[in-house]
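The block underneath contains the structure these notes are about, expressed in structure tokens.
Residue numbers (this note's numbering): 15 to 265.
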């Protein structure tokens, strides 16, 4: 395993286009509360890999994940309040160890606001995808199923509820929209992801926003919103490179 992690608790106020911060309204400001530059260790990440041939390294500012099977990488700090997660991801061809899936682009996935049914931290699992079926969480699978689906799900602990999604015709479920350039992984093209989790209000009941390259692909409003818990990168039979991981809070 490689190394890398650096936390930043400096309260840095970041500059960015106003539209990106529209959910964080004055007088509050969006502040960075933690970050990983992937240069100083993986101590703040917890790995669950289905196959021992999975390789995760972090060096020179890059988290590199190459796995032939299911893998989850959990950020050890719980997240709460009105917050955003941001990172840049690059999908590369899956490694030779992925066998029949070698060479494909697939599965930039993630869990967030994950907690066990009793409210505790997610317990260690094998990395096999089905093992998370009982974990209450939100989940996005971007370019999943060999880059044929991009979906938002709510895992309730008893079901994997499809909230909305995009899919190619052969695998589409009722109500899903067609896949497009904006909903697929693209070789050699970095993708900037932002996940927003916030307390809903009467004026704005949306508590979940998910953006890719500033395209807001998913929003969700739920009276029983999940507003705190743990985040993980999730993938299978793939290779991903992650850069510039940040956690920001609206304070």
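We put the CB at the ideal spot given by N, CA and C, even for glycine.
Treat the numbers as computed from the prediction; the structure is a model and nothing was measured.
Simplified DSSP assignment, three categories, for residue i
| i | result |
| --- | --- |
| residue 29 | Residue placement at residue 29 is flagged as unreliable, the pLDDT there being 35, under the threshold of 50; the coordinate-derived value follows with that caveat. In the structure shown, residue 29 sits in coil (DSSP, three-state: anything other than H, G, I, E or B). |
| residue 157 | strand |
| residue 195 | helix |
| residue 143 | helix |
| residue 184 | helix |
| residue 16 | With a pLDDT of 42 at residue 16, under the threshold of 50, the modelled position of this residue cannot be trusted; read the value that follows with caution. Coil. |
| residue 134 | coil |
| residue 239 | coil |
| residue 221 | coil |
| residue 216 | coil |
| residue 22 | The pLDDT assigned to residue 22 is 35, lower than 50, so where the model puts this residue is not dependable; a value taken from the coordinates is nonetheless given after this. Residue state, collapsed to three classes: coil. |
| residue 112 | helix |
Selection from the options that minimises the alpha carbon distance to residue i
| i | options | result |
| --- | --- | --- |
| residue 239 | 126, 141 and 116 | 126 |
| residue 121 | 265, 40, 212 and 155 | 155 |
| residue 255 | 89, 107 and 61 | 107 |
| residue 148 | 170, 192, 214 and 204 | 170 |
| residue 224 | 60, 100 and 84 | 100 |
| residue 113 | 263, 82 and 228 | 82 |
| residue 242 | 64, 92, 80 and 48 | 92 |
| residue 133 | 150, 143, 124 and 141 | 150 |
| residue 105 | 95, 140, 117 and 111 | 117 |
| residue 227 | 204, 211 and 212 | 204 |
| residue 235 | 244, 251 and 214 | 214 |
| residue 200 | 183, 160, 70 and 136 | 160 |
| residue 206 | 39, 103 and 40 | 103 |
| residue 36 | 88, 237 and 208 | 208 |
| residue 262 | 44, 73 and 142 | 44 |
| residue 172 | 245, 192, 145 and 181 | 145 |
| residue 237 | 189, 220 and 50 | 220 |
| residue 231 | 180, 244 and 141 | 180 |
| residue 124 | 111, 84, 94 and 140 | 84 |
| residue 211 | 135, 195, 189 and 95 | 95 |
| residue 68 | 140, 191, 218 and 184 | 140 |
| residue 229 | 251, 198 and 246 | 198 |
Residue i: first and last residue of the uninterrupted beta strand (DSSP E) it sits in
| i | result |
| --- | --- |
| residue 59 | 59 to 63 |
| residue 264 | 252 to 264 |
| residue 207 | 205 to 211 |
| residue 97 | 97 to 106 |
| residue 245 | 244 to 249 |
| residue 5 | The chain is shown from 15 up to 265; residue 5 falls before or after that span and cannot be answered. |
| residue 76 | 76 to 81 |
| residue 1 | Because the chain spans 15 through 265 in this model, residue 1 falls outside it and cannot be assessed. |
| residue 234 | 229 to 234 |
Residue i - partner residues in DSSP beta bridges
| i | result |
| --- | --- |
| residue 152 | 126 and 168 |
| residue 176 | 167 |
| residue 87 | 61 and 247 |
| residue 93 | 243 |
| residue 226 | 207 and 229 |
* Spell out a yes or no on whether the region 175 to 182 and the region 56 to 64 are touching, meaning 3 or more CB-CB pairs, one atom from each, closer than 8 Å. => no
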